[in-house]
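**Q** I'd like to ask you about the structure that follows.
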Amino acid sequence: MEPCSGALVRETAEAVARHSYGKLVAFLAARSGNVAAAEDALSEAFAAALEDWPVKGCPANPEAWLLTVARRKLIDTARRRKNEAPADDFEIETESLAEPFDEGEVPDRRLGLMFACAHPSIDSAIRAPLILQAVLGLDAARIASAFLMSPAAMSQRLVRAKTKIRQARIPLRIPEREELPDRLETVLDAIYAAFSEGWLDAVGTDPARRDLAEEAIYLGRLVTELLPGEPEALGLLALMLYAEARRRARRSPEGEYIALAEQDISLWDQERIREAETALRRAGAMGLIGRYQLEAAIQSAHISRRRDGRPNWPAVVKLYDALLELTGSPVAAINRAIAVAEIEGPGAALAILNSVSGDARVIEYQPYWAARADLLARTGTIPEARDAYEIAIGLERDPSLRNYLERRRARLDPG
Amino acid sequence: MQYLLALYADESGFTRMTPEQQQQGMAAYMAYTQALQTAGVFRGSNRLQSASSATTLRTTSGKTQVLDGPFIDSKEQLGGYYLIDVPNLDAALSWAGKCPGVGHGVVEVRAVWPMPNTTSQPATEEAVAAAR
């Protein structure tokens, strides 16, 4: 081994961290379920690498090197605690660490780790942050800023969740066939929650947020690679890619919100759209429809104006019908109403909105009020439209979207 | 790993049942216990007398007080438990889901705190189960 420069060492360590972090954590914690200890040992191993590699040279297999060092650290820690910890815990830890692995390839157990992080017995609000930390190695401060939480609070909740995995012995494994669909749903939901947090920063000025969308797409791809036969995983990947493809078109250079119908198609990322379409087609061929496939198909119908000049509204309505039947979500009902307005006019759409207005969930949902305001304006009911815009503006946290709604409201005023 | 399945239910539900219904309810629990035993995961179980028979002790400013009634005064009361020994939480949840208690009350699943130097089961058995 040649001694290598500090820059090369850092580069190698960063490359391993990016590609192998989750694999190493998953492998180290697979048996003990002690995710926190695996993370600690791995970060010590990275620190050791930054000291050792510049002197002795970068190892031929940096992943295996890090794993060997991290395992030794774990065994040391386990030995030190031997007298305080239960005997069988110690045995499990040391025994699992003696498990051999092929020099070239660390077994990929990231999916098992993800299933543990998104286990139904883990608080649903912490599942996405937990996956981002355990599988991708994101630090608590960065995750906290993306999820609008204080770093201290986020860090505390992550620690609590990892403690639960260890104490309740939540297994790091892919669930049995019969429970897989339900359990996969919680994993996909967590990935989508991470994506949605990243998606909120439309301008892309907040690197923590923008990267989160990319990381979520990475996780989505990972699930489709490790579980290639799951149509909903492909559906989620397609949905995220369709959305991400439009990122550059969502705001003007001045940072103003641009509605989907007014976006400049030439700014859409054709490569991502193609990848999304391939994923959705593969999912469709498996013949088992689900929420994410339907939502991806809706995106696909929306962007059909790329080819046909206008969105395929009848297809959008039909897909929302199916989504509504599947989820009963008032959000789907609202979006369906917006599509109906394009075919049957604003009056028919308003009638649909009125039918969900009793649902407590829509009262605090900005898009409901924005849609209502727009439809009321189109039917000429100006004072009511103005009130609805007022509420929508009050509920929106994104300033550029707030400005957009304010501009719409201003247009209602006579003169 | 041992798990306690704590069974909570509205006690008045049982007393309102007809004798035949009570018989059926008991039979369901017997069958469940039998299934746990056959699978080799059963470690213990008891049904408790009604919560009105409970007595609660606590120390207030250095003085131990003895009080009538259960610790938590709610509609659903702890009515019994199962202690099972399974490899992980998923296995425990799977058994808890089959418990008749889920049908008429609430089942809380809690991992037992492992004490040093008390091997609840041989590590090898656990390894086999975990490797499946």
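As they're listed, the protein sequences go chains A and B.
Under the numbering used here, the residue at position 408 of the first sequence is numbered 408, and the numbers go up by one with no gaps.
Here the numbering used here = 1-based position in the second sequence + 1000.
Even glycine gets a Cβ: it sits at the ideal position worked out from N, Cα and C.
#1: On the CB-based measure, 16 or more other CB atoms within 10 Å of its CB, does V1066(B) come out buried or exposed?
#2: Run the CB neighbour count on D1085(B), radius 10 Å, all protein chains shown included, and call it buried at 16 or more, exposed below.
#3: Which residues mark the beginning and the end of the alpha helix (DSSP H) in which L427(A) is found?
#4: Can you grab the Cα-Cα spacing for the pair K82(A) / D52(A), in whole Å?
#5: Measure the C-alpha to C-alpha separation of L158(A) and S124(A) and round it to an integer number of angstroms.
#6: Could you tell me the alpha carbon to alpha carbon distance between E429(A) and A238(A), rounded to whole angstroms?
#7: Within 10 angstroms of the Cβ of I363(A), are there 16 or more other Cβ atoms? Answer buried if so, exposed if not.
#8: Taking 7 Å as the threshold (beta carbon to beta carbon), is D1073(B) in contact with chain A?
#9: Going by DSSP, which residues form a beta bridge with L1057(B)?
#10: Give the residues of chain A in contact with L1089(B), contact being defined as C-beta atoms less than 8 Å apart.
#11: Checking 7 Å against the spacing of the C-beta atoms, do V187(A) and M240(A) come in under that value?
#12: Which residues, in order along the segment 1098-1112 of chain B, keep a beta-carbon less than 9 Å from a beta-carbon of chain A?
#13: If the cut is a Cβ gap below 8 Å, which residues of chain A does M1001(B) touch?
#14: With H, G and I counted as helix, E and B as strand and the rest as coil, what does DSSP make of F115(A)?
#15: Please confirm whether I174(A) and G112(A) have their CB atoms less than 7 Å apart.
#16: I want to verify the contact list: residues of chain B whose CB lies under 9 Å from the CB of R175(A), in sequence order.
#17: Starting from D1010(B), trace the beta strand (DSSP E) in both directions and tell me its first and last residue.
#18: Can you tell me where the beta strand (DSSP E) with Q1077(B) in it begins and where it stops?
#19: The ligand ATP and G1062(B): does any heavy atom of the ligand fall closer than 6 Å to the residue's C-beta?
#20: Specify the secondary structure class of V1141(B) as computed by DSSP and reduced to three states.
#21: Determine the DSSP secondary structure at T1042(B), reduced to helix, strand or coil.
#22: Grouping DSSP H, G and I as helix and E and B as strand, with all else coil, what is S1120(B)?
#23: If we ignore side chains and look at the alpha-carbon of each, how far apart do A371(A) and R274(A) end up?
#24: Roughly how many angstroms lie between the CA atoms of R307(A) and A337(A), to the nearest whole one?
#25: Helix, strand or coil for R1047(B), going by three-state DSSP, please let me know.
#26: Check whether the segment 293-305 of chain A touches the segment 319-327 of chain A, counting contact only when three or more Cβ pairs, one atom from each stretch, lie closer than 8 Å.
#27: Going by alpha carbons, who is nearest to I191(A) out of E179(A), Y218(A) and E176(A)?
#28: Use the C-beta contact count for T496(A): other C-beta atoms within 10 angstroms, 16 or more gives buried, fewer gives exposed.
#29: Return the CA-CA distance between L1036(B) and R1047(B), expressed in angstroms with no decimal places.
#30: What separation, rounded to the nearest whole angstrom, lies between the Cα atoms of R402(A) and G394(A)?
#31: Express the C-alpha separation of E197(A) and A153(A) in angstroms, rounding to a whole number.
**A** Answer, in terms of the structure:
#1: With fewer than 16 Cβ atoms within 10 Å of its Cβ, V1066(B) is classed as exposed.
#2: D1085(B) comes out buried.
#3: No information on residue 427(A) is available, as it lies outside the stretch 1 to 415 that chain A covers here.
#4: Roughly 29 Å separates the two Cα atoms.
#5: Looking at the two C-alpha atoms, the distance is approximately 12 Å.
#6: With chain A running from 1 to 415 in the structure shown, residue 429(A) is simply not present.
#7: I363(A) should be labelled exposed.
#8: Not closer than 7 Å to any Cβ of chain A, the Cβ of D1073(B) fails to qualify, so no.
#9: In the DSSP output, where bridge partners are listed per residue, L1057(B) has V1066(B).
#10: What L1089(B) touches in chain A, judged by beta-carbon distance under 8 Å, is H119, S121, A168, R169, I170 and P171, going in chain order.
#11: Result no, Cβ atoms of V187(A) and M240(A) do not sit closer than 7 Å.
#12: Interface annotation for the segment 1098-1112 of chain B against chain A: V1109, R1110 and A1111, criterion Cβ-Cβ distance under 9 Å.
#13: Per Cβ cutoff of 8 Å: R169.
#14: F115(A) falls in the helix class under three-state DSSP.
#15: Cβ atoms of I174(A) and G112(A): closer than 7 Å.
#16: The sequence given here has Pro at residue 175(A), not Arg. Neighbours of P175(A) on chain B, chain order: D1090.
#17: According to the DSSP assignment, D1010(B) belongs to the beta strand (DSSP E) that extends over Q1002 to D1010.
#18: First-last of the beta strand (DSSP E) with Q1077(B): E1076 to D1085.
#19: The model on display carries no ligand, and the ligand ATP is accordingly not part of it.
#20: No statement about residue 1141(B) is possible, as the shown extent of chain B runs from 1001 to 1132 and does not include it.
#21: In the sequence on display, residue 1042(B) carries Phe and not Thr. The answer is strand: DSSP assigns F1042(B) an E or B state.
#22: Note that S1120(B) scores a pLDDT of 48, beneath 50, so its modelled location is shaky and nothing firm can be said.
#23: Taking the straight line joining both Cα atoms gives about 30 Å.
#24: Approximately 24 Å between the Cα atoms of the pair.
#25: The answer is strand: DSSP assigns R1047(B) an E or B state.
#26: Because the criterion of three Cβ pairs below 8 Å is met, the segment 293-305 of chain A and the segment 319-327 of chain A touch.
#27: A check of alpha carbon separations from I191(A) across E179(A), Y218(A) and E176(A) identifies Y218(A) as the nearest.
#28: Outside the displayed range of chain A (1 to 415) lies residue 496(A), so it cannot be described from this structure.
#29: The alpha-carbon atoms of L1036(B) and R1047(B) are separated by roughly 16 Å.
#30: Whole-angstrom Cα-Cα distance: 8 Å.
#31: Each residue's Cα considered, the two are about 17 Å apart.
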